[in-house]
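Have a look at the structure below, then the notes.
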Amino acid sequence: MSAAGTARGAGRTSAVRTTLVLGATGTTGGRVAARLLAAGHEVKAASRRATPAEGARAVRFDWYEPATFADALDGADSIYLVAPVGALDPAPVMLPFLRQARAAGVRRAVLLSSSAIPAGGPAMGQVHEALPGLFGEWAVLRPSWFMQNFTGDHAHARSIREEGLLLSATEDGRVGFVDADDIAAVAVHALTGDRAPNTDLVLTGPQTLSYDDIAALVTEVTGRQVTHRRLTFARLRDRLAAEVPPDFAELLAGMDRAIAEGAEDRTTDTVQRVTGRPPRGFRALAERELSGRL
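The opening residue of the sequence shown carries number 47 in our numbering; numbering runs sequentially from there.
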(Lines of atoms letter the chains of each structure in order from A and count residues from 1; the text may use other names and numbers.)
(Lines give C-alpha, C1' and ligand atoms only; values in the text may rest on other atoms or scores of the structure.)
Protein backbone atom coordinates (compact mmCIF):
# COMPACT_ATOMS: atom_id res chain seq x y z
CA MET A 1 0.00 0.00 0.00
CA SER A 2 1.19 3.51 -0.76
CA ALA A 3 2.06 5.99 1.96
CA ALA A 4 -0.94 8.04 0.87
CA GLY A 5 -3.30 5.10 1.22
CA THR A 6 -1.83 4.14 4.56
CA ALA A 7 -2.22 7.69 5.83
CA ARG A 8 -5.89 7.74 4.81
CA GLY A 9 -6.39 4.47 6.66
CA ALA A 10 -4.93 6.07 9.74
CA GLY A 11 -7.74 8.59 9.73
CA ARG A 12 -10.41 6.03 10.76
CA THR A 13 -10.35 5.92 14.53
CA SER A 14 -10.91 2.98 16.85
CA ALA A 15 -10.80 2.63 20.61
CA VAL A 16 -7.37 2.79 22.15
CA ARG A 17 -7.12 1.78 25.79
CA THR A 18 -4.49 4.24 26.96
CA THR A 19 -1.94 6.44 25.23
CA LEU A 20 1.22 7.51 27.02
CA VAL A 21 2.08 11.03 25.87
CA LEU A 22 5.70 11.98 26.52
CA GLY A 23 6.54 15.65 26.75
CA ALA A 24 2.92 16.30 27.73
CA THR A 25 3.72 19.86 28.81
CA GLY A 26 5.47 20.67 25.51
CA THR A 27 4.46 22.31 22.25
CA THR A 28 3.09 19.21 20.56
CA GLY A 29 2.65 16.86 23.53
CA GLY A 30 0.14 19.11 25.26
CA ARG A 31 -1.87 19.46 22.08
CA VAL A 32 -1.79 15.71 21.42
CA ALA A 33 -2.99 14.95 24.96
CA ALA A 34 -5.82 17.49 24.70
CA ARG A 35 -7.02 16.11 21.36
CA LEU A 36 -6.92 12.52 22.58
CA LEU A 37 -8.94 13.43 25.65
CA ALA A 38 -11.47 15.37 23.58
CA ALA A 39 -11.94 12.27 21.41
CA GLY A 40 -12.65 10.13 24.47
CA HIS A 41 -9.32 8.34 24.79
CA GLU A 42 -7.51 7.71 28.05
CA VAL A 43 -4.22 9.55 28.42
CA LYS A 44 -1.21 9.22 30.67
CA ALA A 45 0.46 12.63 30.58
CA ALA A 46 4.17 12.19 31.21
CA SER A 47 6.56 14.91 32.31
CA ARG A 48 9.55 15.23 34.62
CA ARG A 49 7.41 16.79 37.35
CA ALA A 50 4.21 14.81 36.71
CA THR A 51 2.49 18.12 35.97
CA PRO A 52 -1.29 17.77 36.43
CA ALA A 53 -3.28 17.68 33.20
CA GLU A 54 -7.06 17.97 33.32
CA GLY A 55 -8.70 14.69 32.36
CA ALA A 56 -5.40 12.78 32.13
CA ARG A 57 -3.43 10.75 34.61
CA ALA A 58 -0.20 12.66 35.27
CA VAL A 59 2.88 10.44 35.58
CA ARG A 60 6.49 11.27 36.26
CA PHE A 61 8.87 10.42 33.44
CA ASP A 62 12.51 11.29 32.91
CA TRP A 63 14.52 9.87 30.03
CA TYR A 64 17.60 9.82 32.26
CA GLU A 65 15.92 8.01 35.16
CA PRO A 66 14.97 4.48 34.01
CA ALA A 67 13.23 3.90 37.34
CA THR A 68 10.42 6.14 36.03
CA PHE A 69 9.77 3.98 32.96
CA ALA A 70 7.68 1.14 34.40
CA ASP A 71 4.95 3.24 36.00
CA ALA A 72 4.68 5.42 32.92
CA LEU A 73 4.28 2.37 30.68
CA ASP A 74 1.83 0.50 32.93
CA GLY A 75 -1.43 0.02 31.04
CA ALA A 76 -0.36 1.93 27.92
CA ASP A 77 -0.76 0.36 24.51
CA SER A 78 0.38 3.32 22.44
CA ILE A 79 3.00 6.05 22.91
CA TYR A 80 3.61 9.51 21.55
CA LEU A 81 7.39 9.87 21.61
CA VAL A 82 9.26 13.14 22.10
CA ALA A 83 13.05 12.94 22.45
CA PRO A 84 15.08 14.27 25.38
CA VAL A 85 15.48 18.03 24.97
CA GLY A 86 18.80 19.01 23.42
CA ALA A 87 20.05 15.44 22.93
CA LEU A 88 22.32 15.18 19.87
CA ASP A 89 22.35 11.38 20.03
CA PRO A 90 19.12 10.27 21.72
CA ALA A 91 19.20 6.65 20.54
CA PRO A 92 21.25 5.27 23.49
CA VAL A 93 18.68 6.76 25.86
CA MET A 94 15.51 6.08 23.88
CA LEU A 95 16.07 2.57 22.52
CA PRO A 96 16.26 0.81 25.92
CA PHE A 97 12.99 2.50 26.87
CA LEU A 98 11.38 1.44 23.60
CA ARG A 99 12.45 -2.16 24.11
CA GLN A 100 10.95 -2.02 27.61
CA ALA A 101 7.78 -0.52 26.14
CA ARG A 102 7.43 -3.38 23.68
CA ALA A 103 7.92 -5.92 26.47
CA ALA A 104 5.28 -4.11 28.54
CA GLY A 105 2.68 -4.56 25.79
CA VAL A 106 2.82 -1.29 23.88
CA ARG A 107 1.75 -2.05 20.33
CA ARG A 108 1.94 1.33 18.58
CA ALA A 109 4.54 4.12 18.71
CA VAL A 110 4.41 7.52 17.01
CA LEU A 111 7.72 9.39 17.01
CA LEU A 112 8.16 13.13 16.61
CA SER A 113 11.20 13.76 14.42
CA SER A 114 11.99 16.46 11.85
CA SER A 115 11.70 17.01 8.11
CA ALA A 116 15.43 17.76 8.19
CA ILE A 117 16.34 14.28 9.50
CA PRO A 118 15.77 11.13 7.39
CA ALA A 119 15.74 7.56 8.68
CA GLY A 120 19.27 6.56 9.58
CA GLY A 121 20.39 10.17 9.77
CA PRO A 122 21.82 11.91 12.82
CA ALA A 123 19.98 12.51 16.09
CA MET A 124 16.39 11.24 15.75
CA GLY A 125 17.23 9.46 12.52
CA GLN A 126 18.70 6.51 14.42
CA VAL A 127 15.52 6.04 16.45
CA HIS A 128 13.44 6.43 13.28
CA GLU A 129 15.43 3.66 11.62
CA ALA A 130 14.98 1.31 14.61
CA LEU A 131 11.26 1.88 15.17
CA PRO A 132 9.85 -0.57 12.57
CA GLY A 133 11.91 -3.38 14.09
CA LEU A 134 10.52 -2.68 17.55
CA PHE A 135 6.80 -2.19 16.87
CA GLY A 136 4.42 -3.69 14.35
CA GLU A 137 2.45 -0.43 14.33
CA TRP A 138 4.33 2.84 14.06
CA ALA A 139 4.69 6.24 12.45
CA VAL A 140 7.36 8.92 12.33
CA LEU A 141 6.16 12.51 12.09
CA ARG A 142 8.66 14.71 10.26
CA PRO A 143 7.31 18.25 10.52
CA SER A 144 9.01 21.22 8.99
CA TRP A 145 9.84 24.12 11.30
CA PHE A 146 7.10 25.04 13.78
CA MET A 147 5.15 28.26 13.35
CA GLN A 148 5.17 28.39 17.15
CA ASN A 149 8.91 29.16 17.02
CA PHE A 150 7.73 32.77 16.61
CA THR A 151 5.37 32.76 19.62
CA GLY A 152 5.53 32.18 23.36
CA ASP A 153 8.96 31.85 24.96
CA HIS A 154 10.90 30.57 21.95
CA ALA A 155 14.14 32.33 21.01
CA HIS A 156 12.73 33.93 17.85
CA ALA A 157 9.68 35.13 19.77
CA ARG A 158 11.86 36.72 22.46
CA SER A 159 14.05 38.56 19.96
CA ILE A 160 10.95 39.81 18.13
CA ARG A 161 9.44 41.13 21.37
CA GLU A 162 12.62 42.52 22.89
CA GLU A 163 14.46 43.86 19.84
CA GLY A 164 12.03 43.86 16.91
CA LEU A 165 14.48 41.48 15.22
CA LEU A 166 14.32 38.06 13.67
CA LEU A 167 17.84 36.60 13.57
CA SER A 168 18.81 33.77 11.25
CA ALA A 169 21.41 32.44 8.85
CA THR A 170 18.72 31.32 6.39
CA GLU A 171 19.39 34.09 3.82
CA ASP A 172 16.61 33.87 1.19
CA GLY A 173 15.79 30.26 2.02
CA ARG A 174 12.15 29.28 2.27
CA VAL A 175 10.44 26.97 4.77
CA GLY A 176 7.06 25.22 4.80
CA PHE A 177 6.36 26.31 8.38
CA VAL A 178 3.70 24.14 10.05
CA ASP A 179 1.29 24.85 12.89
CA ALA A 180 1.80 22.63 15.96
CA ASP A 181 -1.98 22.15 16.06
CA ASP A 182 -1.76 20.45 12.66
CA ILE A 183 1.11 18.26 13.86
CA ALA A 184 -1.00 17.20 16.84
CA ALA A 185 -3.99 16.46 14.63
CA VAL A 186 -1.91 14.14 12.45
CA ALA A 187 -0.36 12.53 15.54
CA VAL A 188 -3.78 11.66 16.96
CA HIS A 189 -4.86 10.05 13.69
CA ALA A 190 -1.60 8.07 13.64
CA LEU A 191 -2.09 6.96 17.25
CA THR A 192 -5.75 5.98 17.04
CA GLY A 193 -6.49 4.97 13.45
CA ASP A 194 -7.63 1.43 12.66
CA ARG A 195 -4.38 0.97 10.75
CA ALA A 196 -1.09 2.51 11.72
CA PRO A 197 0.62 4.54 8.99
CA ASN A 198 3.76 2.36 9.21
CA THR A 199 5.69 5.06 7.38
CA ASP A 200 7.15 8.51 7.92
CA LEU A 201 4.99 11.55 7.28
CA VAL A 202 6.54 14.86 6.21
CA LEU A 203 4.34 17.69 7.48
CA THR A 204 4.31 21.27 6.20
CA GLY A 205 2.04 24.25 6.09
CA PRO A 206 0.29 25.37 2.89
CA GLN A 207 3.11 27.55 1.55
CA THR A 208 6.83 28.20 1.89
CA LEU A 209 7.96 31.47 3.45
CA SER A 210 11.34 33.12 3.89
CA TYR A 211 12.31 34.75 7.17
CA ASP A 212 11.90 38.09 5.39
CA ASP A 213 8.30 37.03 4.68
CA ILE A 214 7.76 36.07 8.32
CA ALA A 215 9.09 39.44 9.52
CA ALA A 216 6.82 41.28 7.08
CA LEU A 217 3.75 39.28 8.12
CA VAL A 218 4.41 39.82 11.83
CA THR A 219 4.85 43.54 11.15
CA GLU A 220 1.57 43.66 9.22
CA VAL A 221 -0.46 41.70 11.76
CA THR A 222 0.90 43.32 14.93
CA GLY A 223 1.74 46.84 13.76
CA ARG A 224 5.19 46.46 15.30
CA GLN A 225 8.16 46.82 12.93
CA VAL A 226 10.05 43.53 12.78
CA THR A 227 13.20 43.12 10.69
CA HIS A 228 14.97 39.95 9.61
CA ARG A 229 18.66 40.40 10.39
CA ARG A 230 20.80 38.03 8.34
CA LEU A 231 23.67 36.47 10.24
CA THR A 232 26.53 34.34 8.96
CA PHE A 233 26.66 30.69 9.97
CA ALA A 234 29.56 31.42 12.34
CA ARG A 235 27.85 34.41 13.94
CA LEU A 236 24.66 32.46 14.55
CA ARG A 237 26.57 29.46 15.90
CA ASP A 238 28.47 31.65 18.37
CA ARG A 239 25.31 33.44 19.45
CA LEU A 240 23.51 30.14 20.07
CA ALA A 241 26.51 28.75 21.95
CA ALA A 242 25.89 31.34 24.67
CA GLU A 243 22.64 29.49 25.50
CA VAL A 244 23.14 25.85 24.47
CA PRO A 245 26.10 23.42 24.33
CA PRO A 246 28.53 24.19 21.46
CA ASP A 247 27.82 20.99 19.52
CA PHE A 248 24.08 21.65 19.68
CA ALA A 249 24.66 25.27 18.58
CA GLU A 250 26.63 23.92 15.61
CA LEU A 251 23.73 21.62 14.69
CA LEU A 252 21.13 24.37 14.91
CA ALA A 253 23.19 26.84 12.89
CA GLY A 254 23.77 24.08 10.34
CA MET A 255 20.00 23.68 9.96
CA ASP A 256 19.73 27.37 9.12
CA ARG A 257 22.46 26.93 6.53
CA ALA A 258 20.56 23.99 5.03
CA ILE A 259 17.47 26.21 4.75
CA ALA A 260 19.58 28.81 2.92
CA GLU A 261 20.59 26.05 0.51
CA GLY A 262 16.94 25.12 -0.18
CA ALA A 263 16.52 22.01 1.96
CA GLU A 264 13.11 23.05 3.36
CA ASP A 265 11.66 24.72 0.27
CA ARG A 266 8.76 22.29 -0.20
CA THR A 267 5.17 21.66 0.79
CA THR A 268 3.33 18.37 1.20
CA ASP A 269 -0.35 17.40 1.24
CA THR A 270 0.05 15.16 4.31
CA VAL A 271 -2.08 17.23 6.70
CA GLN A 272 -4.90 17.32 4.15
CA ARG A 273 -4.67 13.59 3.41
CA VAL A 274 -4.59 12.49 7.03
CA THR A 275 -7.00 14.94 8.68
CA GLY A 276 -9.29 15.78 5.77
CA ARG A 277 -8.66 19.53 6.03
CA PRO A 278 -5.93 21.83 4.72
CA PRO A 279 -3.08 22.94 6.97
CA ARG A 280 -3.33 26.37 8.57
CA GLY A 281 -1.28 29.25 7.21
CA PHE A 282 1.10 31.49 9.09
CA ARG A 283 -1.10 34.58 8.87
CA ALA A 284 -3.87 32.78 10.76
CA LEU A 285 -1.36 31.71 13.41
CA ALA A 286 -0.02 35.26 13.77
CA GLU A 287 -3.53 36.73 14.05
CA ARG A 288 -4.40 34.15 16.69
CA GLU A 289 -1.25 34.23 18.80
CA LEU A 290 0.58 37.51 18.12
CA SER A 291 -2.03 40.18 17.38
CA GLY A 292 -2.14 42.67 20.26
CA ARG A 293 0.69 40.92 22.14
CA LEU A 294 3.82 42.71 20.87
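Each residue gets a CB set at the ideal place from its N, CA and C atoms; glycine is no exception.
Keep in mind it's a predicted model, so treat the numbers as computed, not measured.
Boundaries (first-last residue) of the alpha helix (DSSP H) holding H274: That residue, H274, is in no alpha helix (DSSP H); its beta strand (DSSP E) goes T273 to R276.
CB contact flag (A79, A92, <7 angstroms): no
Beta strand (DSSP E) segment containing D218, residue limits: Taken as a continuous stretch (DSSP letters only), D218 belongs to no beta strand (DSSP E), as it is neither H nor E.
CB of A185 within 7 angstroms of CB of H174, strictly: Taking 7 angstroms as the Cβ cut-off, A185 and H174 do not qualify as a contacting pair.
First through last residue of the alpha helix (DSSP H) which encompasses V232: A226 to T238
Distance between L144 and R323 (C-alpha atoms, nearest Å): Approximately 32 angstroms, taken between the alpha carbons.
Helix, strand or coil at Y126 [DSSP, three-state]: Here Y126 sits in strand by DSSP.
P189 in three-state terms, based on DSSP: Here P189 sits in strand by DSSP.
D246 - partner residues in DSSP beta bridges: V186
Same chain only: Cβ atoms within 6 angstroms of F192, ignoring 5 sequence neighbours per side: A226
As assigned by DSSP and simplified to three states, the class of E335: helix
R241 in three-state terms, based on DSSP: Residue state, collapsed to three classes: coil.
Alpha helix (DSSP H) runs contained entirely in the region 71 to 155, provided each spans 4 or more residues: 75 to 84, 115 to 119 and 137 to 149
P252 vs G327 beta-carbon contact at 7 angstroms: Yes, the pair counts as a contact, with Cβ atoms nearer than the cut-off.
Helix, strand or coil at V317 [DSSP, three-state]: Correct three-state label for V317: helix.
Buried versus exposed call for R154 [16 or more other C-beta atoms within 10 Å across all chains shown]: buried
Residue range of the unbroken alpha helix (DSSP H) whose run includes L180: M170 to L180
DSSP-derived helix/strand/coil call for V264: helix
Residue closest to T74, alpha-carbon to alpha-carbon, out of P189, L141, R339 and G338: P189
Reduced DSSP category for T65 - H, G, I as helix; E, B as strand; rest coil: strand
CB of E296 within 7 angstroms of CB of R276, strictly: no
Proximity winner among D315, A230, T278 and D120, relative to L83 (alpha-carbon distances): A230
Three-state secondary structure assigned by DSSP to S205: S205 falls in the helix class under three-state DSSP.
Pick from H87, A332, E111 and H200 that is closest to R103, judged by C-alpha positions: Nearest of H87, A332, E111 and H200 to R103, Cα basis: H87.
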